[in-house]
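Asks: Position in the sequence shown (first residue = 1) + 751 = my numbering.
Sharing a structure, written as structure tokens. Questions coming.
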Amino acid sequence: MPRDALHIAGKIIAPGTDARVNIETTQLYTNTPIYMPVRIFHGMEDGPTLLVCAAIHGDELNGIEVIRQIIQRTSVEHLKGTLIAVPIVNHLGFIHRSRYLPDRRDLNRSFPGLETGSLAARVAHKFVSEVVSHATHIVDLHTAALHRTNLPQIRTDISDEENLSMAKAFGMPVVLNSEVIEGSLRYVAGQENKHAITFEAGEALRFSHDAIKSGVQGVINVMAYLNMLDDREMPPLLVPTIANSSLWVRADGDGMMVNLVNLGDHVKQGQTIGTINDPFGDKTIKIISPINGIIIGHSTIPLIHQGEALYNIASFRKISSVAEKINDLRSYIKNQ
Ligand SMILES: [Zn+2]
752 MPRDALHIAG
762 KIIAPGTDAR
772 VNIETTQLYT
782 NTPIYMPVRI
792 FHGMEDGPTL
802 LVCAAIHGDE
812 LNGIEVIRQI
822 IQRTSVEHLK
832 GTLIAVPIVN
842 HLGFIHRSRY
852 LPDRRDLNRS
862 FPGLETGSLA
872 ARVAHKFVSE
882 VVSHATHIVD
892 LHTAALHRTN
902 LPQIRTDISD
912 EENLSMAKAF
922 GMPVVLNSEV
932 IEGSLRYVAG
942 QENKHAITFE
952 AGEALRFSHD
962 AIKSGVQGVI
972 NVMAYLNMLD
982 DREMPPLLVP
992 TIANSSLWVR
1002 ADGDGMMVNL
1012 VNLGDHVKQG
1022 QTIGTINDPF
1032 GDKTIKIISP
1042 INGIIIGHST
1052 IPLIHQGEAL
1062 YNIASFRKIS
1072 SVAEKINDLR
1082 SYIKNQ
């Protein structure tokens, strides 16, 4: 029996075809409509419907480039199931180079949204009702917030077995088991029995070569895991190590931070990982790692107020093997 056509935002996509659909989400106050372009590859054969989306936070750019490269590599003739690619979800935030919508709301705290709600709630509702509703699996691409950077990593709730399998398939050295935050896309996914993972890599408003290469490879790995790729052999995978928690090290004082470590570094409890100095050199505060762990994120701006989150450190049972896998990933990316 032939596969059904996909009905999305008033358009009908026949099996074995690909299309671009522009979904109107809102308007500028110039009366200009704002569209969310969605690229759809609706394969001839049955399979899962994978949604890959980015820039729910409008200033997070790495995922947009990941999706551009995925679209260029995808051909509907060789696809099982359906790929829905949304490079930019939060267009108003993107235009303003901002994480947030112009109403200062965080779109990733506004799901599932409301047709008659705030601006963020309306955009969220449109995305969920027109796009997310079709998906069985979701890969949501993010970066660290402004003035921070993240080691390429997957975050998901591993109590869902399929989430864990997708997270492993993505092939990053680190998977952070993270609780679902109410209002996030993963929250909606969980409520509607969809499987969702978040990829975090790099920093806001910048392209990172490593983050983008890791992201492209990871999405292809997930598509291969979901049997969406015809005759494609599974690429070599790293077996990720799962961290059940991470902690933020906060500034003990104000000043200018000198960072002494890199993303992915293995740090020891009691190790000095940075210093906070006053401009005259009269006062230096050491930033000490409270645990043995791996640096999975850190602040990139030297201007520090007391209490600010500076380093995100994840702890693992076998830290040295995680450090090895991070080196393996680096050399793999270098050879791409
Ligand atoms: Zn984000």
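Even for Gly, the Cβ is constructed at its ideal location relative to N, Cα and C.
This one's a predicted model, so the numbers in the text were calculated from it and none came from an experiment.
Measure from the alpha carbon of M787 to the alpha carbon of each residue in I821, P1053, G844 and V827, then state which is nearest.
Replies: G844
Asks: Could you check whether the Cβ of I1090 sits closer than 8 Å to any heavy atom belonging to ligand 1?
Replies: This structure leaves residue 1090 out entirely; the chain is present only between 752 and 1087.
Asks: Where does the unbroken alpha helix (DSSP H) through F1031 begin, and where does it stop?
Replies: No alpha helix (DSSP H) contains F1031, which DSSP labels as neither H nor E.
Asks: Any Cβ of chain D within less than 9 Å of the Cβ of D1016?
Replies: The structure shown contains no chain D; it holds only a single protein chain.
Asks: I'd like to confirm the pairing. Which residues does DSSP put opposite L927 in its beta bridges?
Replies: According to DSSP, residue pairing for L927 in a beta bridge involves R906 and A994.
Asks: Given G941, which residues of its chain have a CB within under 6 Å of its CB, disregarding the five upstream and five downstream residues?
Replies: V931
Asks: Name the one or two DSSP bridge partners that F845 has.
Replies: Note: F845 sits in no beta bridge, so no partner.
Asks: Are the stretch 868 to 881 and the stretch 1004 to 1021 touching, with three or more C-beta to C-beta distances below 8 Å?
Replies: no
Asks: Just to confirm before moving on: does the CB-CB distance between P1053 and V1009 stay below 9 Å?
Replies: The answer is yes: Cβ separation under 9 Å.
Asks: Per DSSP, which one or two residues make a beta bridge with K877?
Replies: DSSP output for K877 lists no bridge partner at all.
Asks: For the beta strand (DSSP E) holding I835, just list the boundary residues, first then last.
Replies: Residues K831 to V837.
Asks: Can you tell me whether S1066 is helix, strand or coil according to DSSP?
Replies: coil
Asks: How many angstroms separate the CA atom of D857 from the CA atom of T992?
Replies: Each residue's Cα considered, the two are about 30 Å apart.
Asks: Assuming D961 is part of the alpha helix (DSSP H), what are its boundary residues?
Replies: Run containing D961: H960 to Y976, per the alpha helix (DSSP H) assignment.
Asks: Among Q778, R771 and D981, whose alpha-carbon lies nearest the alpha-carbon of V882?
Replies: R771
Asks: Is the beta carbon of A896 within less than 8 Å of some heavy atom of ligand 1?
Replies: yes
Asks: For Y1083, which of L989, L1011 and T1023 has the nearest alpha-carbon?
Replies: L989
Asks: Is it buried or exposed, R1068, if we count other Cβ atoms within 10 angstroms and call 16 or more buried?
Replies: Burial call: exposed.
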